[in-house]
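Protein chains in written order, with the UniProt record's numbering: chain A, 1 to 400; chain B, 1 to 400. See below for the structure under consideration.
This is the structure:
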């Protein structure tokens, strides 16, 4: 609970330095290799300051010099670029059917992407085995990037459901977990003192990845998960919306009918969709949705009337749910993620029409509905890049 | 549209100064009269810096010395306090049935609170007459505070409905307005060059007032209007949620039934409530809700079964709507405003039960449902204090 007004902290020269380090890092992150002179010209910092900041960042191995200047200001051959050789960050993603590990270097280049089959649905015997599997995968990923000579800036685990600010999974219906202190369990298993381990909601981390790598020209976007549940990751003015306890974005709980009626997750979820559109599923939960989604997409592409009708209905319900979201937080872009992305071609027309019809603001308040291009591991990517974001605020890593 | 990442601006000594001015102003705002020594001790600024900052603020007449030190650190008789004598800020509030003007001095003390009967509902002939009435009231309020020797820091008008970032009312169902550039019209009418005129959503401004004066120990609150419509003003981590175009908080549009069904405003609005509970209303809109709400409260207090039943039903629907909001933005406090506040005693039990029942997070994600104590002019107060907030960030007024 935050009980006091967010008073500003007194500022001193350390803050000026951190702010200006952030200016240089973000300029290079956004613009690619640039000369000191062009950084100075673009940011308003004077050249001596840029040189001093660059010197410190080179010494810390966050920047390096390169011959490839992206512009013509300054002498050729002296451009600066982000240095990927010294640091890495790791994201892990837990879903009911698989684990994903992803690592990026400080320059944002992907170092590894591993998937592991995983039976983590609610029918299993609790989180113990899952935590061990996650810890083992995290350990392997960390070992791999260390063998490459890189220091791990941090590791973030993405989980569907309610995750509090301390890294405890309070409730994850897709995993069947309640009150699992995943951050403490993982920190204990990893035995790497000083490693920054975080746990956060899947949708929120995917939204961070979309903000940074999704190619959307906006600071106000919402990412919608379409996996074993529907959740929204909401970014407002470039910052993830955490709420008072971290429990935001639970749009799957929206009920569009009278009390006790079906929820948005029932009406517009991926599993109900494939059950409606495809024959032959038993009563047990469908955890591995990918083959069913591929099959459904193939049917739709072939013009199958049943598939198209099921997709249209799901799109309508989804649009109604997204209208509630648009009425409340007014995003500029709504990104359909996970399995929705593969079906977006057929979902979006109906969803966009219902979205526009059900918002008070004209045209859905300007919200554009787009498909994610980041694949099924967007949350793992978001978990990894969140550690780069932290360095980019001017909080440089302490060498361990 | 915000199309670029919110890159930090380079920092220099001016920013350090502004940040530290903000630290001093907010310390005094939060803690009352304090000596220079106690400010230094509480904020971490050194005494020489505090003295220098205080000198500048006294010279600008934002602070004054007082004999009333609230603590025992430092010599008695040399405490600093906010100075209300030189500056004022004005908030205006437009509702379908009345205009409200409110002014506060820089110390936050109320200088005037005026109400004017106003026939501004959708049946009237458009915004022209309304704008003239608002401009006349604004002019009178500004003249009054100037006659008291105070410079006007700014004037903000609260309007129900969609207001964009430029001060245009895009759509206000309670007023029947569409695309009214109220900011330009008012700026033109007032003929006071340099006066900072803003227009913003009623609920958002009321939320700002609640954050500052509502007595809620939180940075994550949502204010819910219960007037001629239902809107939410959402404050996240101490900042109002504006979304991409300013069109947030339209919870009145939530539909809890199948497509085309009744909205939350139909089911839980104040006007539908008084119509259900009290006989004798004609088909025309009930604009002056206060007498009806008073009557309903009196009946409920006397145990009238029909009144209690109507309030219970409205409370249930309201709680279902607030659950959608709590699932999405996870506020710590939900403030029932306007006419809801007068009826909160009977609405809250049912609403709180439905809120808890319909959120994924236990206990509604921790959201507490409380009644506003700021009365029917919370939005006007929010409009006025928003200008004090700006000074408190260290952006000192330029003397005109």
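C-beta: ideal position from N, C-alpha, C; glycine also.
{"Check": "Contact under 8 Å by Cβ, residue 318(A) with residue 296(A)", "Outcome": "no"}
{"Check": "Residue(s) in a DSSP beta bridge with residue 169(A)", "Outcome": "163(A) and 180(A)"}
{"Check": "Residues of the segment 238-270 of chain A with Cβ closer than 9 Å to any Cβ of chain B, in chain order", "Outcome": "238, 239, 241, 242, 243, 244, 245, 246, 247, 248, 249, 250, 251, 252, 253, 254, 255, 256, 257, 258, 259 and 261"}
{"Check": "DSSP bridge partner residues for residue 255(B) (one or two, in chain order)", "Outcome": "263(B)"}
{"Check": "For residue 114(B): DSSP bridge partner residues", "Outcome": "101(B)"}
{"Check": "C-beta neighbour in chain A for residue 170(B), strict 8 Å", "Outcome": "yes"}
{"Check": "Cross-chain neighbours of residue 359(A) in chain B, by beta carbon under 9 Å", "Outcome": "247, 250 and 253"}
{"Check": "Minimum Cβ-Cβ distance from residue 218(B) to chain A less than 8 Å", "Outcome": "yes"}
{"Check": "Rounded separation between residue 391(B) and residue 385(B) - CA only", "Outcome": "10 Å"}
{"Check": "8 Å Cβ cutoff met for residue 170(A) and residue 182(A)", "Outcome": "no"}
{"Check": "Residue 175(B) and residue 193(B) closer than 8 Å at C-beta", "Outcome": "no"}
{"Check": "Near-chain A residues of the segment 289-317 of chain B - C-beta to any C-beta below 7 Å", "Outcome": "none"}
{"Check": "Within chain A, partners of residue 331(B) - CB distance below 7 Å", "Outcome": "243 and 244"}
{"Check": "Where the beta strand (DSSP E) containing residue 90(A) begins and where it ends", "Outcome": "87-94"}
{"Check": "Listed by chain order, chain B residues near residue 182(A) by CB distance under 8 Å", "Outcome": "Simply none; closest approach about 17 Å."}
{"Check": "The alpha helix (DSSP H) enclosing residue 323(B), as first and last residue numbers", "Outcome": "305-329"}
{"Check": "Beta-bridge pairing of residue 65(B) - partner residues as DSSP gives them", "Outcome": "80(B)"}
{"Check": "Amino acids of chain A, ordered along the chain, whose beta-carbon sits closer than 8 Å to that of residue 28(B)", "Outcome": "Those within 8 Å of residue 28(B) in chain A number zero; the least Cβ separation is about 11 Å."}
{"Check": "Cβ pair count under 8 Å reaching 3, the segment 240-256 of chain B against the segment 308-316 of chain B", "Outcome": "no"}
{"Check": "DSSP beta-bridge partners of residue 201(B)", "Outcome": "159(B)"}
{"Check": "Exposed unless 16 or more other CB atoms sit within 10 angstroms - verdict on residue 359(A)", "Outcome": "buried"}
{"Check": "Span of the beta strand (DSSP E), counted from its first residue to its last, around residue 222(A)", "Outcome": "221-224"}
{"Check": "Where residue 230(A) falls: helix, strand or coil (DSSP)", "Outcome": "coil"}
{"Check": "Contacts that residue 57(B) makes with chain A (C-beta to C-beta distance below 8 Å)", "Outcome": "Here the premise fails: no neighbours, minimum Cβ distance about 15 Å."}
{"Check": "Residue 60(B) - DSSP class collapsed to helix/strand/coil", "Outcome": "coil"}
{"Check": "From 301(A), 320(A), 94(A) and 389(A), residue whose alpha carbon lies closest to that of residue 201(A)", "Outcome": "94(A)"}
{"Check": "Contact between the segment 324-344 of chain A and the segment 353-371 of chain A (3+ Cβ pairs under 8 Å)", "Outcome": "yes"}
{"Check": "Spatially closest choice to residue 322(A) from 56(A), 362(A) and 351(A), by CA coordinates", "Outcome": "351(A)"}
{"Check": "Proximity of residue 144(B) and residue 112(B) at Cβ, strictly below 8 Å", "Outcome": "yes"}
{"Check": "Identified DSSP bridge partners for residue 151(B)", "Outcome": "87(B)"}
{"Check": "Per-residue burial, residue 354(B) [other beta carbons within 10 Å of its own, 16 or more giving buried]", "Outcome": "buried"}
{"Check": "Beta-bridge pairing of residue 336(A) - partner residues as DSSP gives them", "Outcome": "224(A) and 371(A)"}
{"Check": "CA nearest to the CA of residue 39(B), picked from 52(B), 102(B), 30(B) and 24(B)", "Outcome": "24(B)"}
{"Check": "Residue of 240(A), 35(A), 177(A) and 287(A) minimising C-alpha distance to residue 81(A)", "Outcome": "35(A)"}
{"Check": "Contacts of residue 388(A) in chain B (Cβ-Cβ under 7 Å)", "Outcome": "Those within 7 Å of residue 388(A) in chain B number zero; the least Cβ separation is about 13 Å."}
{"Check": "Beta-carbon proximity list for residue 74(A), same chain, < 7 Å, skipping 5 on both sides", "Outcome": "Unreliable placement is indicated for residue 74(A), whose pLDDT of 49 sits below 50; the coordinate value is still reported in the next sentence. Taken in chain order, the residues that qualify are 35, 36, 37 and 38."}
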